[in-house]
Amino acid sequence: MWLSEAVSSGPQFFYLVPLVVLFPVIGLLVNTAFGGRMSEKAIGWLASAAAGLSFVVAVLLGISLLSYPEGAVVPIVDWITIGELNINWGFQVDTLSVTMMLVVAGVGTLIHIYSIGYMHDDVRFQGDPGRYQRFFVFMNLFIAMMMILVSADNYLMLFVGWEGVGLCSYLLIGFWYDKGENGIGNAVAGKKAFIANRIGDFGFILAAFIMFWVFGTFEFNAVFELAPEVASLFPAAIVAITLLMLVGVTGKSAQIPLFVWLPDAMAGPTPVSALIHAATMVTAGVYLITRSAALYNLVPQVQNIVALVGAATALFAATIAVGQFDIKKVLAYSTISQLGFMVAAVGMGAYVAGMFHLVTHAFFKALLFLSAGSVILGLEHAHHHMEHNSQLKLPMDENDLHFDPQDMRNMGGLRNRMKISFWVYLIGAIALTGIPPLAGFWSKDEILTDAANFNPLAYWMMLAAAFLTAFYMGRQILMVWFGKPRSLPAEHANESPPIITVPLIILAALAATGGALNLPMWHTFTHWLEDSLGHLHAAEFSLQIAGLSSFLVLAAIFLAWLLYGRKYQAMQELPPDKRPDDPLRPILGPVFNALNHKWWVDELYWTIIINPYVSLAHFLADVVDWRFWHDWFHDTVIVGGYNKLTQVLSIQIDLGVIDAVANKLGDSVKRAAAKWRVIETGYVRNYALSFFIGVVLILGYLILR
Amino acid sequence: MIPISYYLIFAAALFCIGLFGVLARRNAIAILMGIELMLNAVNVNLISFWRYATPEKINGQVFAVIVFAVAAAEVAVGLAIFISVYRRRGTVSADEIDLLKW
Amino acid sequence: MSLNDLLVNLNLIMPITILTAWACVLLLVDLFIPKERKGITALLAALGLLVALALVISRAGVATSAFNGMIMIDGFATFMSVIFLFSGLAGIAVAYDYLIRSGIERGEYYVLLLFSIVGMMLMAAAADLIMVFLALELLSIPLYVLAGIAVPRPDSEEAALKYFLLGAFASGFFLYGTALVYGATGSTALTEIVSATTSGGVNLSFLVIGAGLILVGLGFKVAVVPFHMWTPDVYQGAPSSVTAFMAVGAKAAGFAALLRIFVLAFPPLAMDLTPVLWALAAFTMIIGNVIAIAQRNIKRMLAYSSIAHAGYIMMALVPYGQGNVAADTVASALFYLLAYMLTSFAAWAVVIALEHNMGEGRDTDGLSLEDYSGLGQKQPALAAAMTVAMLSFIGIPPTLGFVGKFYLLRTVIEGGFPGLALIGLLTSLVSAYYYLRVVVYMYMRDGEPVVRREPWLYFTALATAVGVVVLSIFSEPLFNWASQAVLKLI
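Residue numbers (the numbering used here), protein chains in the order written: chain A, 974 to 1678; chain B, 37 to 138; chain C, 147 to 636.
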């Protein structure tokens, strides 16, 4: 009854859209102001409720869109008005933005709830329970900023959100800023993320400047309307705008060459990795390109570059993922790889496929991160428990004392101890690898189908990436969950409480069924997005491609089983000093080392960019600034000369002339005052005389003039 | 008919005499008399201007009458002040009234 | 003029009519008010002023002339009337307790105040030299008496005597000037003077000398150098409440007449008169500010300060002949007068609060700078009001004085007199020395100031100080109002 009314109610729900930003803002304000006096539960649930209410609003918007699919722009305030520049803060309500809102708020709410349990333990393991409140404030701030980003009706407001989520990302990566390598590792990771993003943002800003210069506006609708005209007059401008935006995208969505920050971003608490660095923020770049479809469609050459950047990233990151031991690092590289898929898709003009993968990826990658978090928590619990129990502490060796709960080599056999986590993890992994009928299969298959049609090079790269994806996920599953426990904490790990597992189950359900959004026969999602993006071609399901990719996936899993299911277990029997840490190492040799060291990209950047930059800075600072400018020019020329000059000035000029004059002037004013006051003799006749003299002077002047 | 300049010169001379009185006399009452002379010089001016320039309008005459009236009011206030000063100090010599100065 | 005409005309100037009648009635009523309850007279006088104020405001926007063009009721007159009536109210507020404690509480005080205000209002509305003269005397004679109302205090008597003698002397010059103008143009009406001048056939030397003498006569009233000599003695000698009223009301009235006469009647003489005005303004600013430095009696210091401010306002008169900027300069002069009124009353109310009789175990009269030591600690509210007033006098934001100076200097520069503006700027720098010295005494010296805690004084000091600050923030509508007022004048 109520629902049908709502469905027919049409656009009036659109005016609720400011609430998607307002609710999290209220949440964060309340938590900031009163969090100190609230219990942990209250803080967490309040923040979750704020995110949840945003989700409810997003659902209402979605319902309205069913009957009113063209959407609307809901203006709020004039933000900046300078001359011709007039920027409103308006909300773009259409199927594309509401899709993003649903993902952000929906996944965001689940992760908030999960965090209530996770952070409760995390703040205690890290030894600072006071930061619990801060975490949820930042999380709500992130939701608000992300909502601003996806709901903006112009590029500048989008940029506000873009920077805002970047800030939240920085704050949350460095959440345990006093932890990590040498006590500043996490802070360094946050800084790295921020700087890499700044480089991308610089591109975005330049794109915005050119856009304003050419179009005279930032508003989506106006820009897209003018775009064809501008493209015919000024093709270079569109190329420049789209390319510079791509720079922004490579920063925010961790593409080559700016992807290096994302693995380090795993320094943040696991819910942060799930929400910001897997499900939502990093997909902002994909959203940006999709939103700017009208611009990218005009420049096929740029689209080609985008597609290749995406495909190359997908393959490159997938290779690195194979060589990682940190459970979250594997997922991080997997995320980069999957983002590469999405970017490649939108680069080819397959916006639906890209957005579709964005949605399903949000489900299964959030799921994977959160269950990984559950595993980490379980191991930490066990480790903690043992450390404080003298009986259990006895059998612990050196390795166990400096125990890394994220290292997969310390895991194994966990499927018996953490059943729920295992099953949801398995579902997430299957969804990611793309085994039908789970979500990942459908979305990845759609991308591959489009790639096969438009860009064969990208197609082959992505196919290889898909193979590697299945391999590294198989490797991870086998290392974490199967075999025998390889450490004491792994033996004693326990399942996490329901507050953690319930969101996992919900996400698992979504990851399993998310593919239904855009099944090949109905193209529901395609038609849904068509209202925002204009006519879209729907990729026809190709049995050939689906078969090929499925075959590759299964082959990869089989290979993983051979190596990690059998060989790895066999290796455990060897004595520790002769035992390679990974069965691939003997096979691949130095190549595995390269994978493990991420192809030395970080080192490469250090060598070719950062070190020269630092040397240059040193040169500028030490030689130019200090020795030349400071020591010679400043100290010798200026200070020396100045000293000499001031001596002359102070002794001869100042004391001799100015001081004398100033003192004299001040004195003379005072003396004049003292002297002139005597004119007031008190005698009326003198006053009259002065009066008369005045008259004589004035009249004399007037007559003799 | 006597030209107007005669009257004007006469009035100017009268004004200057009054002015001299103000500047030169010490007694406050004498100063006041000087001021009265100045005002009367103005009246002479006004009447002669009226007679020679605008005999058809009466504003010069009216002005002169008003000056009389106001001068009388002023003298009344002035004499009252003088008397009050005289009572206190026993003198109205302008040169001895110099409490306030500088 | 029939009786009916008279009634019609009296109705046109209703606020003035009412105030005059009220003053006459009050003079009689006061006889029946017992000596120890003269507060009733003060209340009634204030009531009359309020009624007149309400009438003035209710008639704002009406532009008409009465008594055959002798009186002009226009925006200019309205603006000035509001200033006069406010100063009257403030004058009563600061006088009430002061008169009691000085032992000079007399009913005539308030009646004379009312008559003087009538004179001032007529002055601002006068459109004929005869009317100006009448109004001038009507406002001056009560002030002569008021200056001496503190008999038997010798300084009060002396102030009255000096004020009277010099005032009458100045009227002589003023009258001589009007007579010459009348002789040159055949008329005393301001509009006819200018039309006669432009149509030719006018004895120009008579006219110029007449204009010069009128300037002298009114310059005495507003206290410009060298016609200022009476000011320090009279301000110091007169009862402080009278001084406060006189410093604002008489000066504003003098400027009202100067502005109206010069802008209306003498634009053709601008070439001759501008240098004179320039020199007067410059000398007044310099001499007023410099001699003030040497003063340690606060009343005398404020007297020189008021001379200096006459110089500032005089600057507005300098470009009066340039039609394109005259409107702006006159408007800025009006605005400055308003600022000056509020600032002055803030300062004087504090001065009056600190003044006390010598004797009764005290060896000071509360009027020297030393008596302000420690005020900042003992009476922070009064000290704050005084500080605001001093800052406003210097022209430091956020005060009305700053806004006023800003408008004034801007129009002077627009009028093509940057040198004068520079003198104005430099002399206000000099003035900072003696104004801030008061602040230094209040906040940085220890002392036991003797302060009279009296609600009306506090109210006046604080209300005007707050007004000085708050109105400076919302000064735009005020200035627009002043501009509107001038619009009908020119």
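Think of the CB as a built atom: it goes at the ideal place given N, C-alpha and C, for glycine as much as any other residue.
- Item | Residue span of the beta strand (DSSP E) that contains ALA212/C, given as start and end | ALA212/C -> beta strand (DSSP E) spans 210 to 212.
- Message: Would you say ILE38/B lies against chain C (beta-carbon separation less than 9 Å)?
- Response: No, because no Cβ of chain C sits closer than 9 Å to the Cβ of ILE38/B.
- Compute the distance between the beta-carbons of GLY1346/A and PRO1458/A, then report whether it is under 9 Å. Against a cut-off of 9 Å, the Cβ pair of PRO1458/A and GLY1346/A comes out as no contact.
- Query: In whole angstroms, what is the alpha-carbon distance linking ILE459/C and PHE620/C?
  - Reply: In this structure, the CA atom of ILE459/C is about 21 Å from the CA atom of PHE620/C.
- Query: Are the segment 1540 to 1552 of chain A and the segment 1462 to 1477 of chain A touching by the rule of at least three beta carbon pairs closer than 8 Å?
  - Reply: The segment 1540 to 1552 of chain A vs the segment 1462 to 1477 of chain A: no contact.
- Message: If you follow the alpha helix (DSSP H) that ILE217/C is in, where does it begin and where does it stop?
- Response: Counting along the chain, ILE217/C falls outside any alpha helix (DSSP H), though it belongs to the beta strand (DSSP E) covering 217 to 219.
- VAL1642/A at chain F interface by Cβ criterion, 9 Å: Within the model displayed, chain F is absent; protein chains A, B and C are what it includes.
- By DSSP, does GLU594/C sit in helix, in strand, or in coil? The DSSP-derived three-state label of GLU594/C is coil.
- Item | Through-space distance from ILE65/B to ALA116/B, alpha-carbon basis | Looking at the backbone, the Cα of ALA116/B and that of ILE65/B are separated by about 11 Å.
- Message: Between LEU566/C and ALA427/C, how many whole angstroms is the CB-CB distance? I'm expecting something under 8 Å.
- Response: At roughly 6 Å, the Cβ-Cβ gap stays under 8 Å, so LEU566/C and ALA427/C are in contact.
- Query: With ALA281/C and GLY215/C assumed to form a contact (beta carbons below 8 Å), what rounded beta-carbon distance in angstroms separates them?
  - Reply: Incorrect: roughly 15 Å between the Cβ atoms, too far for contact.
- Item | Nearest-angstrom beta carbon gap, ALA1162/A and GLY918/A [assumed within contact, 8 Å] | Residue 918/A lies beyond the stretch modelled for chain A, which goes from 974 to 1678, so this question has no answer here.
- Message: Output needed in chain order: residues of the segment 1652 to 1663 of chain A with a Cβ under 8 Å from some Cβ in chain C.
- Response: Against chain C - using a Cβ distance shorter than 8 Å - the residues of the segment 1652 to 1663 of chain A are ILE1652, GLU1653, GLY1655, VAL1657, ASN1659, TYR1660, ALA1661 and SER1663.
- GLU1043/A - DSSP class collapsed to helix/strand/coil: For GLU1043/A, the secondary structure class from DSSP, reduced to helix, strand or coil, is coil.
- Task: Could you tell me whether the segment 1213 to 1221 of chain A touches the segment 1090 to 1102 of chain A, using the rule of 3 or more Cβ pairs below 8 Å?
- Result: Proximity of the segment 1213 to 1221 of chain A to the segment 1090 to 1102 of chain A falls short of the contact definition, fewer than three beta-carbon pairs being nearer than 8 Å.
- Message: I'd like to know whether the C-beta atoms of GLY593/C and GLU516/C end up nearer to each other than 9 Å.
- Response: Judged by beta-carbon spacing, GLU516/C lies within the 9 Å limit of GLY593/C, meaning their Cβ atoms are closer than that value.
- Item | Neighbouring residues, chain C, relative to ARG124/B (Cβ below 7 Å) | The CB of ARG124/B comes closer than 7 Å to the CB of PRO298, PRO300 and GLU303 in chain C, given here in chain order.
- Message: Just verifying my parser: in three-state terms, what is the DSSP assignment at VAL1050/A?
- Response: In the structure shown, the three-state DSSP call for VAL1050/A is strand.
- Query: Buried or exposed: where does TRP424/C fall if 16 or more other Cβ atoms within 10 Å of its Cβ makes it buried?
  - Reply: In this structure TRP424/C is buried. Its beta-carbon is surrounded by 16 or more other beta-carbon atoms within 10 angstroms.
- Query: So which residues on chain C does ALA109/B lean against when the C-beta distance must stay under 8 Å?
  - Reply: Per Cβ cutoff of 8 Å: GLU283 and ILE287.
- Message: Report the start-end ranges of each alpha helix (DSSP H) in the segment 1193 to 1228 of chain A that is 4 residues or longer and not cut off at the edges.
- Response: Qualifying alpha helix (DSSP H) stretches, in chain order: 1193 to 1206 and 1208 to 1225.
- Task: Determine the burial state of ALA192/C: buried for a count of at least 16 other Cβ atoms within 10 Å of its Cβ, exposed for fewer.
- Result: Answer is buried; the Cβ neighbour count reaches 16.
- Task: Determine whether the Cβ of MET974/A lies closer than 9 Å to any Cβ atom of chain C.
- Result: With a pLDDT of only 41 at MET974/A, under the threshold of 50, the placement of this residue in the model should not be trusted; the figure read from the coordinates follows. For MET974/A, the answer is no, since every Cβ of chain C falls outside 9 Å of its Cβ.
- Query: Where in the segment 251 to 305 of chain C do unbroken runs of the alpha helix (DSSP H), each at least 4 residues long, occur, reported from the N-terminal end onward?
  - Reply: Listed in chain order, the complete alpha helix (DSSP H) runs (minimum 4 residues) inside the segment 251 to 305 of chain C are 253 to 271 and 275 to 293.
- Identity of the residues DSSP links to VAL1066/A by a beta bridge: According to DSSP, VAL1066/A bridges with ALA1045/A.
- Task: Just tell me which of PHE279/C, LEU284/C and PHE310/C has its CA closest to the CA of GLY294/C.
- Result: Relative to GLY294/C, the option among PHE279/C, LEU284/C and PHE310/C whose CA is nearest is PHE310/C.
- Query: Counting only beta-carbon atoms, is ALA1635/A nearer than 9 Å to chain C?
  - Reply: Chain C, which has no Cβ nearer than 9 Å to the Cβ of ALA1635/A, makes this no.
- Message: Report the CB separation of ILE102/B from ILE162/C in whole angstroms; it is logged as a contact under 8 Å.
- Response: About 17 Å separates the two Cβ atoms, so there is no contact after all.
- Query: alpha helix (DSSP H) containing GLY2/B: first to last residue?
  - Reply: The question about residue 2/B has no answer, for chain B in this structure spans 37 to 138.
- Residues bridged to ASN1127/A (per DSSP): Paired residue(s): GLU1192/A.
- Task: Using the Cα positions of THR1619/A and VAL1596/A, report the straight-line distance between them to the nearest angstrom.
- Result: Spanning the two alpha carbons is a distance of roughly 28 Å.
- Measuring only between beta-carbons, confirm whether LEU59/B sits less than 9 Å from chain A. The C-beta of LEU59/B comes closer than 9 Å to at least one C-beta of chain A.
- Query: Of all the CB atoms in chain C, is at least one closer than 9 Å to the CB of VAL1668/A?
  - Reply: For VAL1668/A, the answer is yes, since a Cβ of chain C falls inside 9 Å of its Cβ.
- Query: Which residues bound the alpha helix (DSSP H) around THR642/C?
  - Reply: Residue 642/C lies beyond the residue range present for chain C, which begins at 147 and ends at 636; the question has no answer from this structure.
- Task: Per DSSP, which residues does ASN443/C bridge with? Please list them.
- Result: BP columns for ASN443/C point to SER514/C.
- Item | Exposed unless 16 or more other CB atoms sit within 10 angstroms - verdict on ALA1590/A | By the neighbour-count rule (16 or more Cβ atoms within 10 Å), ALA1590/A is not buried but exposed.
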